[in-house]
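Here the structure is laid out as structure tokens; the discussion comes afterwards.
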Amino acid sequence: MNNGGIPGKPIKLSEQPGDDIPVAVRDTPDIRRRSRWKPILMGVGLLGLGAIAMGFMLSQPTPAPKTTEESPTPISVDSTTSDNSDASQSETDNILGHLPYEEAPLSELQPITPDGRIKLRTAAAQKFKAMSAAAQAEGILLVPISGFRSVEDQQHLFFDVKAQRGQVTTKRAEVSAPPGYSEHHTGYAIDIGDGRTPATNLSPSFEQTAAFKWLEKNAPRYSFELSFPKDNPQGISYEPWHWCWHPAPAGEASPASA
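First residue of the sequence shown? That's -7 in my numbering, and the numbers climb one at a time after it.
If you want it as structure tokens, here you go:
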């Protein structure tokens, strides 16, 4: 139907705007306007964030540089050295129950046997001779078995005999001291036997002999003492034959002179 020829009536347009216009085309002018400002806004925003970050970093306190005193190395070394020193001192003071002894100078030794093989320090040698003479006067024969021993002598006695007997170190230490830890190094210690019962020499059965019973009663008068009695604190096996000369402290009378 053609209405174009009807005068006085305007042509009607669609009441739904944009039905024939794509949305993208309709929004194009707005996007162009925004696209001009978007890079500018992003740049301003980035500059603002950078300024904030820089201000935060500058506001933080600067860490103090480490000094040599804070280094753990000296502390660690000192601590280790101290610990090792303590451990070393403990080992030096006591090895398998035996205490360290210095070796007597050869110039201070005196023979106590006719062949000169067994020796003691001069003062101890004189006291033993006097004690032996007193015992003999009562029919007791005190026989010296071993006196001064060097560290080299003890080396053989401890390690070579240990190997021959197939003993472990701790077992050997119950009856013999390691080198450097024998009381015989001092020149004051002596192993004594009974001349009438030699089978008991260096044996716990020596305590049953007349010689041992005499020593128990009279040895203190000459300043000789049993070094390793039963249940001794060092844990050394009982040695009734092992005696050591202990002089009286300065200013006190010796038991032998009493």
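We treat Cβ as the ideally placed atom computed from N, Cα and C, and that holds for glycine.
(message) Here's the rule I'm using: 16 or more other beta-carbon atoms within 10 Å means buried, otherwise exposed. How should residue 188 be labelled?
(response) As a working mapping, residue 188 is identified with position 196 in the sequence shown. Under this definition residue 188 is an exposed residue.
(message) Could you tell me the alpha carbon to alpha carbon distance between residue 252 and residue 94, rounded to whole angstroms?
(response) Examination of residue 252 is not possible in this model, given that the chain is present from -7 through 250 alone.
(request) State the beta-bridge partners of residue 223 as determined by DSSP. (result) One-based indexing of the sequence shown puts residue 223 at position 231. Its beta-bridge partners do not exist; DSSP assigns none.
(request) Following the continuous beta strand (DSSP E) through residue 128, name the residue where it begins and the one where it ends. (result) As a working note, residue 128 is residue 136 in the sequence shown. Where residue 128 is concerned, there is no enclosing beta strand (DSSP E), although the alpha helix (DSSP H) it sits in stretches over 114 to 129.
(request) Grab me the residues of residue 100's own chain with a C-beta within less than 8 Å of its C-beta, minus the 5 sequence neighbours each way, in chain order. (result) What you label residue 100 is simply residue 108 of the sequence shown in a count that begins at 1. So the qualifying residues of the chain are 113, 114 and 179.
(request) Determine the burial state of residue 134: buried for a count of at least 16 other Cβ atoms within 10 Å of its Cβ, exposed for fewer. (result) Here the question's residue 134 lines up with position 142 in the sequence shown. Result: buried.
(message) Tell me which residues share the same chain as residue 141 and place their Cβ nearer than 8 Å to its Cβ, disregarding the 5 neighbours each side in the sequence.
(response) Taking the sequence shown and counting its residues from 1, one reaches residue 141 at position 149. Once the five neighbours on either side are set aside, the close Cβ partners of residue 141 are 149, 174, 176 and 177.
(message) Give me, in chain order, the residues of the same chain whose beta-carbon lies closer than 6 Å to that of residue 103; leave out the 5 immediate sequence neighbours on both sides.
(response) Along the sequence shown, read from residue 1 onward, the residue named residue 103 stands at position 111. Excluding residues within five positions, the ones whose Cβ falls inside 6 Å are 111.
(request) Could you tell me the distance, in whole angstroms, from the CA atom of residue 116 to the CA atom of residue 223? (result) Counted from its first residue, the sequence shown places residue 116 at position 124. Counted from its first residue, the sequence shown places residue 223 at position 231. Distance between the alpha carbons of residue 116 and residue 223 is about 26 Å.
(request) Look at the alpha carbon of residue 207 and the alpha carbon of residue 225, and state the distance between them as a whole number of angstroms. (result) Position 215 of the sequence shown, counted from the first residue, corresponds to residue 207. Position 233 of the sequence shown, counted from the first residue, corresponds to residue 225. C-alpha separation (whole angstroms): 22 Å.
(message) I need the straight-line Cα distance from residue 83 to residue 239, nearest angstrom please.
(response) Translated into positions along the sequence shown, residue 83 becomes position 91. Translated into positions along the sequence shown, residue 239 becomes position 247. Model confidence at residue 83 stands at a pLDDT of 42, short of 50, so the residue's coordinates are unreliable; what they give is reported in the following sentence. The straight-line gap from Cα to Cα measures roughly 28 Å.
(request) Using beta-carbon positions only, say whether residue 203 and residue 132 come within less than 8 Å of one another. (result) Counting from 1 along the sequence shown, the entry for residue 203 is found at position 211. Counting from 1 along the sequence shown, the entry for residue 132 is found at position 140. Their beta carbons are under 8 Å apart, which means residue 203 touches residue 132 by this criterion.
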